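One structure is given below, encoded as structure tokens.
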Amino acid sequence: MEDNNFKAPDAELVVETNQQYRLASRWRRLFASIADSIVMMVLIIPLMFITGAFDDIMAGGEPSLIYNLVLGLVGVIIFVAINGHFLISSGQTVGKKLLNIRIVTDQGKHADFGVLVARYAFYLGVPLIPVIGGIINLVNILFIFNSTKQCLHDKIAGTYVIDN
0 MEDNNFKAPD
10 AELVVETNQQ
20 YRLASRWRRL
30 FASIADSIVM
40 MVLIIPLMFI
50 TGAFDDIMAG
60 GEPSLIYNLV
70 LGLVGVIIFV
80 AINGHFLISS
90 GQTVGKKLLN
100 IRIVTDQGKH
110 ADFGVLVARY
120 AFYLGVPLIP
130 VIGGIINLVN
140 ILFIFNSTKQ
150 CLHDKIAGTY
160 VIDN
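Per numbering that gives the first Met the number 0, the sequence shown starts with residue 0, numbered consecutively.
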């Protein structure tokens, strides 16, 4: 035995699962998320013009907290309207369909409604929390750099994103 107090402990850093599937790459997940964001922006930006939010911003103001929360909730509703059917039927959003990846449970099975609600409640809900929501969301995203390529919302819901 070595008496080196500064040596890192030896550990087997292998995740043991019954994976019979290939995890989606971080890049494919990123591009799927960007595609989903573009779809959302196409609908949200005109809504911001209609409600006058851009007029306030151009005048040097800032939309109120209530406005931002309501717009966030409207965004969640739009997200569900666009992606709800795809998520329930195939575990995919529009972006995930484009990149040919999908969400599965830790057993490799199709994610059911309850699992999807848990996953997206965290994914879409946390950024709506004033002040700390952005910090928690950053931590959520940084979790993808682990060996299982799971963000925090995946770990909470027990899901993986795999190649289709």
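Yeah, the Cβ is synthetic: ideal placement off N, Cα and C, and Gly gets one too.
Owing to the predicted nature of the structure, the values given are computational and were not obtained by experimental measurement.
Check whether residue i and residue j have beta carbons under 8 Å apart
i	j	result
isoleucine 102	threonine 158	yes
isoleucine 100	arginine 25	no
isoleucine 155	alanine 117	yes
valine 93	asparagine 82	yes
alanine 31	lysine 95	yes
histidine 84	phenylalanine 121	no
isoleucine 131	tyrosine 20	no
isoleucine 87	methionine 39	no
alanine 23	leucine 97	no
leucine 127	glycine 59	no
leucine 46	valine 73	yes
Coarse secondary structure for residue i, derived from DSSP in three states
i	result
tyrosine 122	helix
serine 89	helix
glycine 94	helix
glycine 59	coil
proline 129	coil
serine 36	helix
threonine 147	coil
asparagine 3	coil
glycine 51	coil
valine 13	Low confidence applies to valine 13: its pLDDT is 38, below 50, so where it sits in the model is not reliable enough to give any reading.
One or two residues paired with residue i in a DSSP bridge
i	result
histidine 109	Val103
isoleucine 161	Leu22, Arg101
Residue nearest to residue i in terms of C-alpha spacing, selected from the options
i	options	result
proline 129	Gly59, Val69, Arg21	Val69
leucine 42	Gln91, Cys150, Ala80	Ala80
Proximity test, residue i beta-carbon vs the ligand GDP heavy atom, cut-off 7 Å
i	result
isoleucine 43	No copy of the ligand GDP appears in this structure; indeed no ligand is present at all.
Segment contact flag, the segment 52-67 with the segment 131-144, C-beta cutoff 8 Å, min 3 pairs: Touching, no.
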